[in-house]
Amino acid sequence: MTTTCSTDLLPVTGFVALPVRAEVVEKRPWGERGDSPAYLNLSPNVVAVLISETGHLLSRIDLWDRGLSVKQAWDSAAYTLLERQNSHRVEFQVRNASCALGTTAPRGFEIAPFDVPAVAWLSHPKTFQMLHQHFLEVLVPKTGLVYVTRDQRDLFVLDTTIEAAAKAVPQATVMTYSLGFPVVTRV
Numbered sequence: 133m134t135t136t137c138s139t140d141l142l143p144v145t146g147f148v149a150l151p152v153r154a155e156v157v158e159k160r161p162w163g164e165r166g167d168s169p170a171y172l173n174l175s176p177n178v179v180a181v182l183i184s185e186t187g188h189l190l191s192r193i194d195l196w197d198r199g200l201s202v203k204q205a206w207d208s209a210a211y212t213l214l215e216r217q218n219s220h221r222v223e224f225q226v227r228n229a230s231c232a233l234g235t236t237a238p239r240g241f242e243i244a245p246f247d248v249p250a251v252a253w254l255s256h257p258k259t260f261q262m263l264h265q266h267f268l269e270v271l272v273p274k275t276g277l278v279y280v281t282r283d284q285r286d287l288f289v290l291d292t293t294i295e296a297a298a299k300a301v302p303q304a305t306v307m308t309y310s311l312g313f314p315v316v317t318r319v
């Protein structure tokens, strides 16, 4: 699959957006007013948080200090992720999911991190759509694609049902693709 993208209208950042369960962000007690993380809702139960170049969770104040809105930073993180791959095409390094999940794992792949956590591909519709389309072509699923992360960093794409994925990877977050956005179907 080939894609090109332009970052001419976006601020250049080294930010990474990561999808996390909304309850993780919303229920955590944050210290001072304004230090809660900047995030965007992706679906009813998933948000995208923004991580700085140094690895810390960004707040709205951090973004404000850089002259950015949350949406600008989120869009920039997506385009930066695409640009880090290759300006002409996107490639994913994978291994059989059974290497990490055992021989009873459903058919699928573990996506290797490039220089950001693999799950970052699910944090924006432009990147998630590209990932989803790629694996529809590669796996030609018989059941359907589900996306599984054990630690909000790794990522498995499996050709199986939601129930089978949940059984194969207990305690993991199981997500499906919905118009470019991740929907948690099991926590």
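Every letter in the sequence shown is one number past the one before it in our numbering, and letter 113, counting from 1, is 245. Where is the CB? At the ideal position from N, CA and C, for every residue including glycine. Source: prediction; values computed, not measured.
CB of PHE260 within 9 Å of CB of LEU254, strictly:
Along the sequence shown, one-based indexing puts residue 260 at 128. Along the sequence shown, one-based indexing puts residue 254 at 122. The answer is yes: Cβ separation under 9 Å.
Taking ARG282 and VAL301 to be in contact with their CB atoms under 8 Å, please state how far apart those CB atoms are, rounded to whole angstroms.
Numbered from its first residue, the sequence shown carries residue 282 at position 150. Numbered from its first residue, the sequence shown carries residue 301 at position 169. With 8 Å as the limit, ARG282 and VAL301 qualify as a contact, their Cβ atoms being about 6 Å apart.
VAL157 (DSSP reduced to helix, strand or coil)
Working through the sequence shown from its first residue, we reach residue 157 at position 25. The answer is helix: DSSP assigns VAL157 an H, G or I state.
If you check the beta carbons only, do ASN177 and ARG198 fall under 9 Å apart?
Mapped onto the sequence shown, residue 177 falls at position 45. Mapped onto the sequence shown, residue 198 falls at position 66. No. Outside cutoff.
Measure the CB-CB distance between PRO249 and VAL148 and report whether it falls below 9 Å.
Working through the sequence shown from its first residue, we reach residue 249 at position 117. Working through the sequence shown from its first residue, we reach residue 148 at position 16. In contact: PRO249 and VAL148 (Cβ atoms closer than 9 Å).
Pairwise C-alpha distance: LEU271 and THR292:
The sequence position of residue 292 within the sequence shown is 160, counting from 1. The sequence position of residue 271 within the sequence shown is 139, counting from 1. About 11 Å.
Under the three-state reduction of DSSP, which class applies to SER208: helix, strand or coil?
Position 76 of the sequence shown, counting from 1, holds the residue named residue 208. Note: SER208 maps to helix in three-state DSSP.
Of the choices HIS266, PRO273, LEU268, LEU150, whose alpha-carbon is the least far from that of ASP207?
Sequence index remark: in the sequence shown, residue 207 carries index 75 (1-based). Of the candidates HIS266, PRO273, LEU268, LEU150, the one whose C-alpha sits nearest the C-alpha of ASP207 is LEU150.
Leaving out the 5 sequence neighbours to the left and right, which residues in its chain are closer than 8 Å to SER191 when beta-carbon positions are compared?
Taking the first residue of the sequence shown as 1, we reach residue 191 at position 59. Only GLY166, ASP167, SER168, PRO169, ALA170 meet the Cβ criterion.
With a threshold of 8 Å on Cβ separation, who are the neighbours of THR308 within its own chain once the five nearest residues in sequence on each side are excluded?
As a working note, residue 308 is residue 176 in the sequence shown. For THR308, where only same-chain residues beyond five positions count, the Cβ hits under 8 Å are GLY276, LEU277, VAL278, TYR279, ILE294, PRO314, VAL315, THR317.
Sort out for me which residues DSSP pairs MET262 with in a bridge.
Here residue 262 is taken as the residue at index 130 of the sequence shown, counted from 1. DSSP lists no partner for MET262.
Measure the Cβ-Cβ separation of GLU242 and VAL226 and say whether it is below 9 Å.
Residue 242 sits at position 110 when you count from the first residue of the sequence shown. Residue 226 sits at position 94 when you count from the first residue of the sequence shown. With a cutoff of 9 Å on beta-carbon distance, GLU242 and VAL226 are scored as near each other.
Using DSSP with H/G/I as helix, E/B as strand and the rest coil, what is GLU215?
The residue you call residue 215 lines up with position 83 of the sequence shown. Correct three-state label for GLU215: helix.
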